[in-house]
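Data first, discussion second: the structure below is written as structure tokens.
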Amino acid sequence: MPSVTAVHGDITAQQVDAIVNAANRQMRGGGGVDGAIHRAGGPAILADCVARFPAGLATGDAGWTTAGDLPATWVIHTVGPNHAAGERDRALLESCYRRALEVADELGVTSIAFPLISAGVYAWPLDDAIAAAVETIAQTPTGVEHVRLVSFSEPTHRRVRAQVLRVSSPSTEPGSIGRLFDEGPPVWGTRGDPYLWRALRAEFASTPLPSDRAELHRAVMSAAGAIAGAPIGDETVYVADFDPGHGMSAGHVSGAWWQSTGLPLLMERFDSSGLRPGH
Ligand code: APR
């Protein structure tokens, strides 16, 4: 399975082998990502679209062209279902990610950047557009090693990051703070706690352990508050980014659990595993 990373930025600036375009069936350019890619990549992309896709591209299918002046080598165009026009078949949206990865494999691509297909002009509900992307990428066998899910807006990026952490988490470096989080706790407080745990593990995947436990405690609590958007005290905190849209308590972080279980567990691991520098 490829590494999957949520990125906040402009897909046309990604330094990868291929970037994926949220195209339309005509394959002659448009707005959103489509417009940005054709503007940044130049006329060579449109010329290749005309030459290679004289009849356009079906919804759910994918095809490649040159990337023109873009940092990437190829653009892999795919056409998502237009939710605004009544196209509601989720299998077609999933097919966009699966077919784009198949085309990437044909090209020998090792790094690829996806936008959230259908989540803009085509108005697919955001949380489900994110879930379709994250789940399909996680379930599709591919030779691609690095996948980026690029979000233009920061709020969308935060939601993508939380969902990406649900299905794949980066490896942590030896001696890092993140390594303390490698093994999950025996029990969680509420359903948002695993999201915060994985987000902290990713945040500190390559941060060296500090010299003493007070500094570790401060660093973890500070990062937890920044990710959750509120200090982690004794109260329950609602974190919208952690809520995959299925409601219930999915987005709630239990401050009481972190104070009574999560943090003490991390401190014990710090004290007992000899990870303290100089010990
Ligand atoms: N980089 C990254 N993401 C972007 C960028 C960008 N430069 N521009 C837009 N996005 C985001 C949008 O915010 C949205 O979340 O990409 C997602 C897809 O939005 P659209 O580009 O509108 O694509 P889509 O919803 O699939 O609609 C496709 O819109 O642009 C036209 O020609 C295109 O007709 C087609 C339709």
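If you're matching positions, the sequence shown starts at 8 in my numbering and goes up one per residue. Quick reminder that beta carbons are idealized off the backbone N, C-alpha and C, glycines included. Quick caveat, the model's predicted, so the values are computed rather than measured.
For Phe277, the enclosing alpha helix (DSSP H) starts and ends at Leu270 to Ser279. The Cβ-Cβ distance between Asp189 and Val151 does not fall below 8 angstroms.
Nearest Cα to Ala29 within the set Arg276, Gly127 and Pro177: Gly127. Around the beta-carbon of Glu222, fewer than 16 other beta-carbon atoms lie within 10 Å, marking it exposed. The C-beta separation of Ala47 from Thr19 comes to about 4 angstroms, placing the pair in contact by the 8 angstroms criterion. Judged by their CB atoms, Gly39 and His45 are not nearer to each other than the 8 angstroms cut-off. Proximity to Leu156 across Ala140, Gln146 and Asp278 peaks at Ala140, based on C-alpha coordinates. DSSP places Trp81 within a strand segment (E or B) once states are collapsed to three.
For Pro148, the closest C-alpha among the options Ala54, Tyr104, Val14 and Gly42 is that of Tyr104.
When rounded, the separation of the alpha-carbon atoms in Val57 and Ile184 is 51 angstroms. By the Cβ neighbour-count rule, Ala13 is buried, with 16 or more other Cβ atoms within 10 Å of its own.
Close CB contacts of His259 within its chain, under the 6 angstroms cut and outside five residues either way in sequence, are with Thr197, Gly199, Thr243 and Tyr245 (chain order). Remark: three or more beta-carbon pairs, one from each stretch, lie closer than 8 angstroms, so the stretch 94 to 101 and the stretch 132 to 139 are flagged as touching. With contacts defined as CB atoms closer than 8 angstroms, Trp81 and Asp24 qualify as a contacting pair.
Cβ neighbours of Val227 within its own chain (closer than 6 angstroms, five residues either side excluded): none. Distance from the CA of Arg32 to the CA of Arg173, rounded to the nearest whole angstrom, comes to 32 angstroms. Excluding the 5 residues flanking it on each side, Thr268 has same chain C-beta neighbours closer than 8 angstroms at Pro192, Val194 and Gly196, in chain order. When the beta-carbon positions are compared, Ala169 and Asp68 stay at least 8 angstroms from each other. Partner residues in a beta bridge of Leu187, as assigned by DSSP, do not exist. Asp250 has its alpha-carbon roughly 22 angstroms from the corresponding atom of Ser10. Placement of the Cβ of Pro122 at a distance of less than 7 angstroms from at least one heavy atom of the ligand APR is found. Sorting Gly93, Arg205, Ala91 and Phe60 by C-alpha distance to the C-alpha of Arg186 places Arg205 at the top. Taking 8 angstroms as the cut-off, the beta carbon of Asp278 is found no closer than this to the beta carbon of Gly262.
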